[in-house]
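J.:
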Amino acid sequence: MDIQLHEIEAITNKFADDQKIGSGGYGDVYRATHKGEEIAVKKLHQLQGLDDKQFHAEYRNLREVRHQNVVRLIGYCYQTQKKYMEHNGELVFATIMERVLCFEYMHGRSLDKHIQGNLY
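The opening position of the sequence shown corresponds to residue 7 in the numbering used here, with each subsequent residue numbered one higher.
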């Protein structure tokens, strides 16, 4: 499901720190409520190496996975915006890509708290 950026900004309070529940190498994760359902919103960092093909491949893979030990993908946002900003002392129009993945929220915060059994 395609979720508009303005909707995601509204449910995360514009990605407010008090809603942040995690952070990693690829992005920050926020807890939010969308259409009455608690979800985890992962806002991906603006990474040089993450291109469109990789994002679309990751989305396709996540969309198709159905397993009890994998959180369900609820939706995504992929939007580009033009912003007027300063770069190297000059004001320029920059293209900003916003990439967000929305997952079902897993109560208990971390999967490692739910996995049991021997690792060997």
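Think of the CB as a built atom: it goes at the ideal place given N, C-alpha and C, for glycine as much as any other residue. Since we're looking at a predicted model, the values are computed, not measured.
Closer than 6 Å by C-beta to valine 71: which residues in its own chain qualify, once you throw out the five before and the five after it? Chain order, please.
T.: none
J.: Return the chain-ordered list of same chain residues with a C-beta closer than 6 Å to the C-beta of leucine 11, the five sequence neighbours on each side being excluded.
T.: Cys83, Gln85 and Glu104
J.: Check the DSSP bridge columns for methionine 91 and list the partner residues they point to.
T.: Val98
J.: I want to know whether the segment 88 to 99 touches the segment 16 to 27 - three or more CB-CB distances under 8 Å.
T.: no
J.: Along the chain, where does the beta strand (DSSP E) containing lysine 59 start, and where does it finish?
T.: That residue, lysine 59, is in no beta strand (DSSP E); its alpha helix (DSSP H) goes 58 to 70.
J.: What span of residues does the alpha helix (DSSP H) with alanine 16 cover, start to end?
T.: In the DSSP assignment, alanine 16 falls within the unbroken alpha helix (DSSP H) covering 11 to 17.
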